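Numbering-wise, full-length UniProt numbering puts 64 at position 64 of the sequence shown, and it's gapless, one number per residue.
Positions of the beta carbon are idealized from the N, C-alpha and C atoms, including for glycine.
Note that the structure is a prediction, hence the values are computed from the model and not measured.
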Amino acid sequence: MAKPADTRTAGRKPAAKATRSTAETEKIRAALAARRDELRAEYDQTLSEITELQRDRLTDSAGDDQADTGTKTLEREQEISLANSILERITQVERALERLDEGGYGWCERCGNPIPVERLAAFPSATQCVTCKQLEERR
Numbered sequence: 001m002a003k004p005a006d007t008r009t010a011g012r013k014p015a016a017k018a019t020r021s022t023a024e025t026e027k028i029r030a031a032l033a034a035r036r037d038e039l040r041a042e043y044d045q046t047l048s049e050i051t052e053l054q055r056d057r058l059t060d061s062a063g064d065d066q067a068d069t070g071t072k073t074l075e076r077e078q079e080i081s082l083a084n085s086i087l088e089r090i091t092q093v094e095r096a097l098e099r100l101d102e103g104g105y106g107w108c109e110r111c112g113n114p115i116p117v118e119r120l121a122a123f124p125s126a127t128q129c130v131t132c133k134q135l136e137e138r139r
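Below you can see the structure in the form of structure tokens.
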């Protein structure tokens, strides 16, 4: 049985991909690498703080009641969630660097149209244009 045509891209022709100059590509690569390095430093700092807080909690838990234990558990979960969020952003930046190497950086993965420069300036690891991202978030 044949698949129905994809209504998202039916009738639309992706824009021809323009090539970036080597200088532009290197500027983007440097900015992404700097952001990745910042995030890695932030992640390492967060892990260090979590480890220190865990150590303090283990030595300072005598006499804790259920409310204290619950509060400490909630704080630990929030800290771990923050670390995971930073790790996810690192992954996004690394993926953007891969896309830059492959020539797909700056192009929507869904519709193939160029991602506006303003969007890339605000969110350098964007993989979708504004329209496709809005459609994805509505689902």
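- Only buried fits Val93, as 16 or more other CB atoms lie within 10 angstroms of its CB.
- Taking Tyr43 as the centre and dropping the five residues before and after it, the same chain places the C-beta of Ala83, Ile86, Leu87 and Ile90 closer than 8 angstroms to its C-beta, in chain order.
- Ile115 places its beta carbon 7 angstroms or farther from that of Ala122.
- Of all alpha-carbon atoms in Thr46, Pro124, Ser48 and Arg138, the one lying nearest the alpha-carbon of Arg95 is that of Pro124.
- Put simply, the backbone Cα of Leu58 is about 36 angstroms away from that of Ala34.
- For Pro114, DSSP records a beta bridge to Trp107.
- Every candidate alpha helix (DSSP H) stretch fails here, since none sits fully inside the stretch 69-99 while reaching 4 residues.
- The C-beta distance from Leu100 to Arg36 rounds to 12 angstroms, too long to meet the 8 angstroms contact threshold.
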